[in-house]
Each structure stands twice: as C-alpha cells, then as structure tokens.
Amino acid sequence: MARRTRMCLTFPGIVVVCLLLQVGLVETANEVDPYKILGVTKSASQTEIKKVYKRLAREWHPDKNKNEGAEDMFIKITKSYEILSNEEKRANYDRNKGSQEFADSKYALHFNQYVNDVVPDSFKRPYLIKITSDWCFSCIHIEPVWKEVVLELEALGVGIGVVDVGYERRLANHLGAHRTPSILGVINGKVTFFHYAVVKEHLRQFVEDLLPQRLVEKVTDRNDLQFLNSWHEQNKPHVLLFDQVPVVPLLYKLTAFTYKDYVQFGYVDQGLSETANLLKQFNINTYAPTMLVFKESTDKPADIIQAKGMKKQIIDEFILNNKFLLVPRLVNQKLFDELCPVKQFHRRRKYCVLLITGDEESYTIGNQAFLSFASTNTKEVVRFAYVYQRLQQPLCDTLLKTKDSTPPPQVFILERRNAAGKVLYKEVAGGWNGTDKNKQGLLDELERLQKDPSILNYDAMLPELNNEFASMFLIRWIYTAYDYLTEIIDDILHNNWREMMPLLSLIFSALFILFGTVVVQAFSDSSEDGKSKPKAKDGTKAENGSPGSSSTSSRPPKKNFVEVTELTDITYTSNLVKLRPGHMNVVLVLTDASKNVLLSKFAKEVYSFTGSLTLHFSFLNVDKHSAWMETLLEFAQDAMQIDADEDDGARHKIDYTGYVLALNGHKKYLCLFRPVYTGEEGGSSEEEGPRGATGGGRKSRSGSREDHPPRRSTPRSRSTATLQIHHKLDRLGLWMERLIEGTLPRYYIPGWPGLDKITTPK
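The numbering of the sequence shown is our numbering, which starts it at 15 and goes up by one.
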C-alpha cells in the first residue's frame, strides 16, 4: 500500500482518487464476504454452492466477459469458492467471521532484506519463498495449500518469504525466478527451485530434502556406545530423541541443522526390537517423546525432557541450556569467544578457568580430576575449559611466559577485556595433578575472586587460537561437494531451462569447436547405418499386430512392443506427479469391458511413437477412477472457457471410454483426445478437447477448429453401443502427430487431483 501511495501525484483531484482506490483495496482485502459474493445463505449445501460457483464463473470469466472489473470479480468468486467449498475453512470463517485473514504482506521480502538477513540466516534454518504477482490466476489456485504449509512449517522454524515481482523485480531476477507462481528454497545461501505439484506433502518433503543428509544418526543397541563415546573426539554434547515414529521428525531435523556446530544429534525408534535395551537402560516412557542430553558421562544423561507435544520453543530452550560440555576443549577462536565472552560494562563479570594439559596417558588422572571439580561448580559466572599444549602452543606460551610459571599441567583464571585479545589472568599456584590439595587451592582462589577481582594481577594479549578442526576441511568439502553434485543432477533432471540455457549453450559451443563438423557428420552417418537394420524387422512385426511400413510416422521405434502401465494410486506419483520436465504420459481411458480391444488398438496407433524417450504410455480404468476423470476436467474449468450450453447433467453423462489424455506432470497441463465414430471417411475427431479456450494457460491457435474444414460428427446423443469400440481410436495417430508437433491446445490446471479414491461400483 505504501508504494501505491507514493505513486499518487499531489494534485488534489488525483489525491482524492488515490484515497478512494486505497479504500476500495482495503475493502476488497479485508471485507470480502464469500456468502455475499456467491449470493448464497450460510445454510447453503455444497451442491448449491458448487452450482452457483459454476454459473458465476461462466458469467465473469475474463475471456468471456470483457466488462471492466470482470477479472477482479472473477478472483473474488474463486477465492470465495475456495473458502466455502472446504468444510474446515468454511467452519473457520464462520467462527472468525473472516476477520483474521492470512496475509502475504507480513512475509514480503525486499532485496536488501534478502541479502542482509535471509542469506546469513539460511545457514541456521531453511527458507521457503513464494514468487507471486498481481492478477496471477495460478497464484490463486495454490494459495490454500501455501497458507496451510506456511502455518505448519513456520511453527517448526522454517523461514517464510514472499516476493511480488511487481514491486521486487530485482530480487526475483536475482533469485532466477522468471515466472509466477514459483516456489523456491534457500539454505546455506543456495537457491533450489520446487518442481512438483503444489500439494502439502510435496512442499513438506521439499523442505526436508533441502537439509543435509547426515544431520541425525539412527541409534540402536548396536551403535549407542559408539555414538555417545564420540563426545571427546567431536567436543560436543550428544542428544538422543526417543520416539515411536519410524522416520526422524522434521522438527528434530530442523533443530539439528540449527545447532549442528554445537551438538550431535541421534534418533532412537522405540518401535524397533533393536532399541529395547536402550529403552530399558534409560527407563524411557514410551507414551511420550523423550530427549536426553549426554555430556562427558555416557552412563547417565546430563539433562532430560519429556513432553507429549514437543514444541520448537521447548526444544530450543533445552538445547541452549546444554549447548556445551561441562569442560569443553578450546578448539578454535569462535568457541573461546562464546565460552569466555569479553567483559561488558552492562553485564556481570565472566571468568574462565583454563587447564593447560596434554592428551598423553600421563595426563589422564589430572584431566579427570579437573572434570570432577568442574561438575560440582554452581557459579554461573565461572566457565571451565582446557587446551592441549601441543595444539595451542602460541596461547600456552603467552600464559606460561612469567618467571614464576610451573610447567603444565597448569590452571589459569582468565577475564577477557576486549576482542583484540587482552586478558587479565592469574596462575593457580602448585600446578595441577588432580590431588585434593590442588582442588582446595583452586577453590580458595575462586572464593577470593568473588570478593576481590583485583587478584588477577597479570595481563597479556592472547593470540588467536588455532582451528584444530581445520584438518577436517577436506572431509567437509567432500560432503558439501556431494550435496552440491546431487542438487546439480536434480536441477538437470528437473531443470529450469531459462537458467540452464547459458551453461548449455557454452557447453555445446565448446563441443562443436573441439570435435568439428567432420566428426559430427561421421557420427551422423554411422547412426543412420545402424538404424537401417531394425526397419526390416519392423515389417515382420506388422503381421503380429504391430505396425510396420504402414505407420503414420517415419520415426524408427526403439522397441518391438509398447509398454503400457496401469495408472493407479501406486504408480500415480512416479508416472505423473513427479514426471521429469519435458516428459509426457499418454493415458488411455478404458473400462473392464473394453480393456482388451482398446489396448490392442491403442498399441497399434502409438507404436510408431515409442522411439521417443520423453513419451510414456499408460491406461486408466474409469470403472475404478471415474471420480478422478471428472475432477480433472472440472479442475481445468478455471483455466478454460466454460461452454454455457453444457449443463451439469450433460457433463456427467459423458462416456469417457476411449478418451486419451496427454499429461505433462511438470508443467501441469493436459491435451485431450475425444473419440468419434469414424466408420465412414467423413468422421471427425474432436481432438481439441473440451470446447473453450484456456484462461490462465496458453492455447495453441493452430489447434482450433477453424484450421480444418468442418466435418459431420456423430451427435452426442448417439448410443455408445452404436460406436464400435475398435473405431474409437481410429484418428489417434493423427492426434499423436499434432501432439509431437506441439500444435494441440493445452489446458493448464493448478495441481493434479489425487488418485487415492476408487469409485464405488454402482
């Protein structure tokens, strides 16, 4: 709203108009009554609401209604139907009277905000960002799913952002988003695009896939000691979550990502027989999730929390209270800064008790005694830590330079004064061997320190600590390279071609220069020779029902058969929803009675197209899934003109036997073949699909009826029995040619309907 206000000129008349427009926008955003928009009462049934919606959608669709304000009204109608057609949303609206609407504005991102805030924060939590724009019909369709996912994932700790390309074109270009709607994820500063249908499960899985693979280790009775005993090597506390679900909860993975630099996370599935000993050893209550944190002791947890509903706030507080070991080793400057912070005037003094020791066996007794002493400490102003002299030699040399210093092991009390490295310190007399005398001497010094801070009578400038984990850089680099390679492969398989084109152009140009036209021609000649042999075999297959020289296409098939799989709830995701970009699934719709005849005819018609690696062939049994077919065509109504001559009753009487759907799972559009009797030469194939043009999608003009002379088609009222089943697919080969050419009209939909429901036999 602020941007629109600044666009108004200062002339009085225009100011008034701007104010009126703002008021109208506010009313549109905040005071839309779905019952009033659709003209139904609060007691209206779903059937009534659906019927009214269809009538209003026909009346106000922008492609049919050219009046000013038709688009705005159509959006209101669509949003109103989204609310009232869902019983849960309708109930929520009735309870809240629509006053608390979900607003994208609270998540709006600007370029500087993204660069300065989101990118650095993405190293602690992933971000889910939606790219949208005004008057984007497809954006309206994904809005209900987006709202539901945002409410769930934000509570788990996922960052949310919305970019309006109308106001933030610079940020959209920076992210590589060139169409709306788009959804992308940002983690560790890297952008990854979401390629699948916008449904809750896919978005949730997308966020989970953004996270690194090795965040949480599965722990059982076989590897529990190995997991817990690694605290010394990793210099981290270890947290175990006990729960009854077989997969690691997303909330726990997100927590592990946030605190990956401080804590090692493990997960115990209580339902496995291999975890029975762990449950018994730690007396785990199996009726609620339980978190245990282990520090230097692997036999007894340092802290425990148990709650029926593990919330993010509870887990965060638990981890923050157990972020460090009782006595951590100072392995880098970052850890030193956090454990022993610089004194601030507005804060209480913080003291660090530092043991300089070694990792040889002769130091073990003294090290254990120092840990035992630290575990009894109750003073919040004192932190205990240790360093290995051979690994932090510059630091140790600085502290041991005084003439009264004793050789290690030795204990120092430090107070840091500034970030440059200045400290005040005192050496505890007598060295440190872990004797009772040593313990008492350190206790006396700490008591004196509370009364008189001036006992820290030495000062020094400490050098920056060596990074002891720097040697692990190669391992971390290999893991990172593996993750990036996986993402690159995924981008190639589910690519955004606009972003890939410059790279592909460079690669192909280099290949052309290296190999030259002669080599390319040589490969071409050899490939043609290799293809000439299978043609002879194809001719013999025609006698067995497979087309040979009579094929409608000259493309040489790569197989001597057609692979046709049934589209069911099991194969639905892989064969459609997650179909790779550029690939299409050609689906034949049939019944139990017509299955054998139609499949045989279908195989003959599409056989010549099996050489394409981007085409897949399936069949759908409409006896089982007629509801899916009806939902799909009804779902596409918002993206195409609706024929006012077709009423609801006529639509539901359609016999779908012999229909063929070309489904593009990635771009979410379909092309439709409808069979017509072609026993005579004058028959016609209504290959344009349902009458009407797309509203939100693109319609190929070459696919319109005007491109061909009108033919006498069989009336709709003709009985199905009159249509011989084997003639239903007579013109499918011609339709397939147009599909390959890209001249068929495309009907875009917001998302693929589920195939989990099986129609009840009548």
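Note that the Cβ used here is the ideal one computed from N, Cα and C, for glycine as well.
Check Asp108 in the structure and name its three-state DSSP category. helix
Environment of Ser287 [buried if 16+ CB atoms lie within 10 Å]: exposed
Does the Cβ-Cβ distance between Lys742 and Lys615 come in under 9 Å? yes
7 Å CB neighbourhood of Val591 in its chain, flanking five on each side removed: Tyr210, Ala211, Gly679 and Trp766
Terminal residues of the alpha helix (DSSP H) in which Cys153 lies: Phe151 to Leu170
Using the C-alpha atoms, what's the distance from Asp637 back to Ala664? Per-residue confidence for Ala664 stands at a pLDDT of 45, beneath the threshold of 50, marking its modelled position as unreliable; no derived number is given.
Which partner residues does Gln219 have in the DSSP bridge list? In the DSSP output, where bridge partners are listed per residue, Gln219 has none listed.
From Val129, Asp669 and Ile154, residue whose alpha carbon lies closest to that of Lys93: Ile154
Skipping 5 residues on each side, what residues in its chain have a beta carbon closer than 7 Å to that of Phe241? Glu231, Val233, His252 and Gly280
Quick one: Cα of Ser622 to Cα of Val690, how far? 22 Å
Among Glu182, Phe338, Lys682 and Met475, which residue has its Cα nearest to the Cα of Tyr7? Absent from the model: residue 7. The displayed extent of the chain is 15 to 776, so no value can be given.
Is the number of C-beta pairs between the stretch 744-761 and the stretch 198-207 that are closer than 8 Å three or more? no
According to the neighbour-count rule (16 or more other Cβ atoms, all chains shown, within 10 Å of its Cβ), is Ser152 buried or exposed? buried
Counting only the same chain and skipping the five closest in sequence on each side, list residues whose C-beta sits under 7 Å from that of Asp721. At Asp721 the pLDDT is 39, less than 50, meaning the model places this residue with poor confidence and gives no usable figure here.
Which ranges does the alpha helix (DSSP H) cover as unbroken runs of at least 4 residues, wholly within the stretch 299-365, from first to last along the chain? 326-334 and 347-353
Count the CB pairs spanning the stretch 385-392 and the stretch 419-439 that are closer than 8 Å, and state whether there are at least three. no
Supposed close pair Leu349, Pro342 - CB separation, criterion 8 Å: 7 Å
Secondary structure at Pro764, three-state DSSP: helix, strand or coil? coil
On the three-pair Cβ rule with 8 Å, is the stretch 115-132 touching the stretch 183-193? yes
Identify the continuous beta strand (DSSP E) that holds Ile145 and give its terminal residues. Tyr141 to Thr146
What ranges does the alpha helix (DSSP H) occupy inside the stretch 398-476, keeping only unbroken runs of at least 4 residues that lie completely in it? 407-413 and 450-465
Are there three or more Cβ pairs, one per stretch, closer than 8 Å when the stretch 397-404 is compared with the stretch 431-441? no
Whose C-alpha, out of Pro76, Ala607, Arg139 and Met87, is nearest the C-alpha of Asp330? Arg139
For Ala735, is the classification buried or exposed, using 16 other Cβ atoms within 10 angstroms of its Cβ as the cut-off for buried? Below a pLDDT of 50, predicted positions are generally treated as unreliable, and Ala735, at 47, falls in that range; no measurement from the model is reported.
Touching by the beta-carbon criterion (3+ pairs, under 8 Å), the stretch 292-301 and the stretch 269-280: no
If you measure between the beta carbons of Asn76 and Ile145, is that distance less than 9 Å? Reading the sequence as shown, one finds Pro at residue 76 and not Asn. Not closer than 9 Å, so no.
Span of the beta strand (DSSP E), counted from its first residue to its last, around Asp257: His252 to Asp257
If distances are taken between C-alpha atoms only, which option among Ser311, Leu339 and Met305 comes closest to Ile328? Met305
Of the residues Ala383, Gly180 and Gln248, the one placed nearest Leu344, counting alpha carbons only: Gln248
May I ask which residues mark the beginning and end of the beta strand (DSSP E) holding Ala676? Val674 to Asn678
Option in Ser588, Leu686, Lys618 and Thr585 with minimal Cα separation from Val603: Leu686
Can you tell which of Met87, Val179 and Glu157 has its C-alpha closest to the C-alpha of His124? Val179
On a CA-only basis, which of Val395, Leu438 and Lys618 is nearest Leu413? Give me that one, please. Leu438
Using DSSP with H/G/I as helix, E/B as strand and the rest coil, what is Asn599? strand
What residue from Val262, Leu684, Leu239 and Val164 has the CA that sits closest to Leu225's CA? Val262
Less than 8 Å separating the Cβ of Arg430 from some heavy atom of the ligand FMN? Of the ligands one can find in the structure shown there are none, so the ligand FMN has no counterpart to examine.
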